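Inspection log for the structure reproduced underneath, given as C-alpha coordinates.
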(Lines of atoms letter the chains of each structure in order from A and count residues from 1; the text may use other names and numbers.)
(Lines give C-alpha, C1' and ligand atoms only; values in the text may rest on other atoms or scores of the structure.)
Protein backbone atom coordinates (compact mmCIF):
# COMPACT_ATOMS: atom_id res chain seq x y z
CA UNK A 1 0.00 0.00 0.00
CA UNK A 2 1.21 3.50 -0.76
CA UNK A 3 0.73 6.20 1.88
CA UNK A 4 -0.73 3.93 4.51
CA UNK A 5 0.54 5.71 7.59
CA UNK A 6 -2.35 8.11 8.13
CA UNK A 7 -5.88 9.03 7.14
CA UNK A 8 -7.68 6.72 4.73
CA UNK A 9 -4.56 4.63 4.15
CA UNK A 10 -4.10 3.88 7.83
CA UNK A 11 -7.76 2.90 8.16
CA UNK A 12 -7.46 0.58 5.15
CA UNK A 13 -4.41 -1.08 6.69
CA UNK A 14 -6.32 -1.59 9.94
CA UNK A 15 -9.30 -3.05 8.09
CA UNK A 16 -7.14 -5.58 6.28
CA UNK A 17 -5.47 -6.53 9.56
CA UNK A 18 -8.86 -7.13 11.18
CA UNK A 19 -9.89 -9.18 8.14
CA UNK A 20 -6.90 -11.46 8.69
CA UNK A 21 -4.41 -10.33 6.05
CA UNK A 22 -1.23 -12.43 6.22
CA UNK A 23 0.96 -9.36 5.86
CA UNK A 24 0.72 -5.63 5.16
CA UNK A 25 3.57 -3.65 3.59
CA UNK A 26 3.39 0.14 3.40
CA UNK A 27 5.39 2.42 1.10
CA UNK A 28 5.56 5.93 2.49
CA UNK A 29 7.82 8.71 3.73
CA UNK A 30 8.28 7.42 7.28
CA UNK A 31 9.70 4.14 8.52
CA UNK A 32 8.13 1.47 10.75
CA UNK A 33 7.70 -2.31 10.80
CA UNK A 34 7.08 -3.75 7.30
CA UNK A 35 7.38 -0.28 5.90
CA UNK A 36 9.65 1.17 3.22
CA UNK A 37 10.54 4.83 3.01
CA UNK A 38 10.22 5.88 -0.62
CA UNK A 39 9.36 8.77 -2.90
CA UNK A 40 6.99 7.11 -5.37
CA UNK A 41 8.17 9.42 -8.15
CA UNK A 42 11.67 7.90 -7.82
CA UNK A 43 11.93 4.72 -9.91
CA UNK A 44 14.88 3.35 -7.96
CA UNK A 45 13.22 3.98 -4.60
CA UNK A 46 10.00 2.28 -5.69
CA UNK A 47 11.93 -0.70 -7.05
CA UNK A 48 13.86 -1.04 -3.78
CA UNK A 49 10.64 -0.83 -1.77
CA UNK A 50 9.10 -3.67 -3.76
CA UNK A 51 12.25 -5.76 -3.38
CA UNK A 52 11.97 -5.31 0.37
CA UNK A 53 8.28 -6.23 0.35
CA UNK A 54 8.85 -9.35 -1.75
CA UNK A 55 11.72 -10.37 0.51
CA UNK A 56 9.34 -10.13 3.47
CA UNK A 57 6.28 -11.80 1.95
CA UNK A 58 7.51 -13.62 -1.22
CA UNK A 59 4.56 -12.29 -3.20
CA UNK A 60 2.27 -9.24 -3.16
CA UNK A 61 -1.27 -10.16 -4.14
CA UNK A 62 -3.06 -6.88 -3.36
CA UNK A 63 -1.91 -3.35 -4.23
CA UNK A 64 -3.67 -0.36 -2.70
CA UNK A 65 -2.70 2.87 -4.49
CA UNK A 66 -3.44 5.58 -1.93
CA UNK A 67 -0.71 8.17 -2.49
CA UNK A 68 -1.89 11.48 -3.90
CA UNK A 69 -1.21 15.20 -4.02
CA UNK A 70 -3.39 18.29 -4.24
CA UNK A 71 -1.77 21.49 -5.47
CA UNK A 72 -2.58 24.99 -4.22
CA UNK A 73 -5.69 24.96 -6.47
CA UNK A 74 -5.21 28.36 -8.04
CA UNK A 75 -6.49 29.40 -11.45
CA UNK A 76 -4.52 28.12 -14.42
CA UNK A 77 -3.09 31.60 -14.98
CA UNK A 78 -1.94 32.04 -11.38
CA UNK A 79 -0.68 28.49 -10.77
CA UNK A 80 2.93 27.88 -9.82
CA UNK A 81 4.35 25.57 -12.50
CA UNK A 82 6.39 23.44 -10.10
CA UNK A 83 3.46 22.92 -7.73
CA UNK A 84 1.10 22.30 -10.65
CA UNK A 85 3.37 19.69 -12.20
CA UNK A 86 4.05 18.01 -8.85
CA UNK A 87 0.41 16.94 -8.98
CA UNK A 88 1.13 14.94 -12.13
CA UNK A 89 4.46 13.66 -10.81
CA UNK A 90 2.76 12.05 -7.81
CA UNK A 91 -0.74 11.27 -9.09
CA UNK A 92 0.31 9.95 -12.51
CA UNK A 93 4.03 9.15 -12.67
CA UNK A 94 4.14 7.84 -9.11
CA UNK A 95 1.11 5.66 -9.70
CA UNK A 96 2.64 4.37 -12.93
CA UNK A 97 5.94 3.39 -11.28
CA UNK A 98 4.20 1.57 -8.43
CA UNK A 99 1.85 -0.22 -10.83
CA UNK A 100 4.72 -1.35 -13.04
CA UNK A 101 6.56 -2.90 -10.10
CA UNK A 102 3.42 -4.68 -8.94
CA UNK A 103 2.71 -6.04 -12.43
CA UNK A 104 6.22 -7.49 -12.70
CA UNK A 105 5.48 -9.95 -9.89
CA UNK A 106 1.70 -10.27 -10.22
CA UNK A 107 -0.15 -13.55 -10.65
CA UNK A 108 -3.62 -14.42 -11.91
CA UNK A 109 -6.29 -13.25 -9.51
CA UNK A 110 -4.19 -10.53 -7.87
CA UNK A 111 -5.91 -7.23 -7.11
CA UNK A 112 -5.15 -3.55 -7.71
CA UNK A 113 -7.32 -0.96 -5.96
CA UNK A 114 -6.68 2.68 -6.76
CA UNK A 115 -7.99 5.32 -4.36
CA UNK A 116 -9.12 7.80 -6.96
CA UNK A 117 -11.39 10.82 -6.98
CA UNK A 118 -14.63 11.93 -8.57
CA UNK A 119 -12.75 15.08 -9.62
CA UNK A 120 -11.72 13.27 -12.79
CA UNK A 121 -15.28 12.97 -14.10
CA UNK A 122 -17.29 15.64 -12.28
CA UNK A 123 -17.88 19.06 -13.94
CA UNK A 124 -14.81 21.36 -13.93
CA UNK A 125 -14.13 23.22 -10.68
CA UNK A 126 -12.21 26.53 -10.85
CA UNK A 127 -8.72 26.11 -9.43
CA UNK A 128 -8.68 22.32 -9.70
CA UNK A 129 -7.39 21.82 -13.24
CA UNK A 130 -4.18 20.08 -12.13
CA UNK A 131 -5.82 17.73 -9.65
CA UNK A 132 -8.81 16.90 -11.86
CA UNK A 133 -6.66 16.33 -14.95
CA UNK A 134 -4.20 14.12 -13.09
CA UNK A 135 -7.00 12.01 -11.63
CA UNK A 136 -8.62 11.60 -15.04
CA UNK A 137 -5.29 10.64 -16.60
CA UNK A 138 -4.63 7.94 -14.03
CA UNK A 139 -8.23 6.72 -14.19
CA UNK A 140 -7.74 5.96 -17.89
CA UNK A 141 -4.41 4.34 -17.08
CA UNK A 142 -6.11 2.07 -14.54
CA UNK A 143 -8.71 1.06 -17.16
CA UNK A 144 -5.85 0.19 -19.53
CA UNK A 145 -4.20 -1.93 -16.84
CA UNK A 146 -7.37 -4.02 -16.61
CA UNK A 147 -7.68 -4.41 -20.40
CA UNK A 148 -4.01 -5.35 -20.76
CA UNK A 149 -4.16 -7.73 -17.80
CA UNK A 150 -7.57 -9.46 -17.85
CA UNK A 151 -6.26 -12.09 -15.43
CA UNK A 152 -6.04 -9.40 -12.70
CA UNK A 153 -8.76 -7.67 -10.69
CA UNK A 154 -8.44 -3.89 -11.09
CA UNK A 155 -10.70 -1.31 -9.43
CA UNK A 156 -10.72 2.48 -9.13
CA UNK A 157 -12.72 3.98 -6.27
CA UNK A 158 -13.81 7.33 -4.94
CA UNK A 159 -13.41 6.97 -1.14
CA UNK A 160 -16.25 9.39 -0.34
CA UNK A 161 -16.40 12.67 1.58
CA UNK A 162 -13.86 11.91 4.28
CA UNK A 163 -12.14 14.28 6.71
CA UNK A 164 -8.51 14.05 5.57
CA UNK A 165 -5.56 16.44 5.39
CA UNK A 166 -6.10 16.76 1.63
CA UNK A 167 -9.74 17.65 2.08
CA UNK A 168 -8.81 20.31 4.63
CA UNK A 169 -6.28 21.71 2.16
CA UNK A 170 -9.00 21.93 -0.47
CA UNK A 171 -11.06 24.13 1.84
CA UNK A 172 -13.97 21.68 1.75
CA UNK A 173 -14.66 20.79 5.37
CA UNK A 174 -17.96 19.00 4.71
CA UNK A 175 -17.74 15.37 5.79
CA UNK A 176 -20.51 12.93 5.01
CA UNK A 177 -18.89 9.50 5.16
CA UNK A 178 -17.13 7.58 7.91
CA UNK A 179 -13.45 6.88 7.24
CA UNK A 180 -14.13 3.18 7.81
CA UNK A 181 -16.31 3.11 4.68
CA UNK A 182 -13.51 3.11 2.06
CA UNK A 183 -11.46 0.80 4.28
CA UNK A 184 -14.18 -1.83 4.49
CA UNK A 185 -14.99 -1.36 0.81
CA UNK A 186 -11.40 -2.17 -0.14
CA UNK A 187 -11.53 -5.36 1.93
CA UNK A 188 -14.75 -6.36 0.15
CA UNK A 189 -13.27 -5.72 -3.30
CA UNK A 190 -10.12 -7.66 -2.47
CA UNK A 191 -11.75 -10.62 -0.75
CA UNK A 192 -15.08 -11.11 -2.49
CA UNK A 193 -15.29 -12.90 -5.84
CA UNK A 194 -18.74 -11.40 -6.35
CA UNK A 195 -16.95 -8.11 -7.03
CA UNK A 196 -15.35 -9.61 -10.15
CA UNK A 197 -18.24 -8.27 -12.24
CA UNK A 198 -16.99 -4.77 -11.40
CA UNK A 199 -13.42 -5.26 -12.63
CA UNK A 200 -12.05 -2.25 -14.49
CA UNK A 201 -14.81 0.02 -13.18
CA UNK A 202 -14.86 3.31 -11.29
CA UNK A 203 -16.90 2.97 -8.10
CA UNK A 204 -18.05 5.33 -5.38
CA UNK A 205 -17.81 3.64 -1.99
CA UNK A 206 -21.12 5.13 -0.84
CA UNK A 207 -23.07 3.45 -3.63
CA UNK A 208 -25.30 0.55 -2.64
CA UNK A 209 -23.34 -2.65 -3.31
CA UNK A 210 -26.45 -4.83 -3.54
CA UNK A 211 -27.85 -2.62 -6.29
CA UNK A 212 -24.55 -2.65 -8.18
CA UNK A 213 -24.51 -6.44 -8.18
CA UNK A 214 -28.14 -6.58 -9.26
CA UNK A 215 -27.27 -4.37 -12.24
CA UNK A 216 -24.09 -6.24 -13.22
CA UNK A 217 -25.45 -7.33 -16.62
CA UNK A 218 -26.52 -3.78 -17.46
CA UNK A 219 -23.12 -2.44 -16.34
CA UNK A 220 -21.30 -4.92 -18.57
CA UNK A 221 -23.52 -4.64 -21.65
CA UNK A 222 -23.53 -0.82 -21.66
CA UNK A 223 -19.92 -0.47 -20.46
CA UNK A 224 -21.05 1.69 -17.56
CA UNK A 225 -18.83 3.10 -14.79
CA UNK A 226 -15.94 3.89 -17.13
CA UNK A 227 -14.51 7.20 -18.32
CA UNK A 228 -15.55 8.25 -21.83
CA UNK A 229 -17.46 10.66 -24.03
CA UNK A 230 -21.18 10.03 -23.67
CA UNK A 231 -23.60 11.42 -26.28
CA UNK A 232 -23.08 13.40 -29.47
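Residue numbers (the numbering used here): 235 to 466.
Here a beta-carbon is modelled for each residue, glycine too, at the ideal position from N, C-alpha and C.
Predicted, not measured: the structure shown is a model, and the values here were computed from it.
- Counting along the chain, the unbroken alpha helix (DSSP H) around residue 331 starts and ends at 329–339.
- Looking at the backbone, the Cα of residue 273 and that of residue 280 are separated by about 7 angstroms.
- Here residue 423 is buried. Its C-beta has 16 or more other C-beta atoms within 10 Å.
- Per DSSP, residue 353 has no beta-bridge partner at all.
- DSSP places residue 261 in the strand class (E or B) of the three-state scheme.
- Judged by DSSP in its simplified three-state form, residue 460 adopts coil rather than helix or strand.
- According to the DSSP assignment, residue 297 belongs to no alpha helix (DSSP H) but to the beta strand (DSSP E) extending over 296–299.
- Between residue 326 and residue 372, the gap from beta carbon to beta carbon is short of 8 angstroms.
- In the three-state scheme derived from DSSP, where H, G and I count as helix and E and B as strand, residue 440 is classed as coil.
- Taking each of 457, 396, 426, 254 in turn and checking the Cα distance to residue 414, the smallest one comes out for 396.
- Taking a 10 Å sphere around the C-beta of residue 297, we find 16 or more other C-beta atoms and assign the residue as buried.
- The C-alpha of residue 339 is placed about 15 angstroms away from the C-alpha of residue 382.
- As the crow flies, the alpha-carbon of residue 351 is around 32 angstroms from that of residue 289.
- One thing to note: residue 363 has its Cβ within 8 angstroms of the Cβ of residue 310.
- Residue 379 holds the alpha-carbon nearest to the alpha-carbon of residue 334 among 354, 379, 308, 349.
- In the displayed model, residue 325 falls within a helix according to three-state DSSP.
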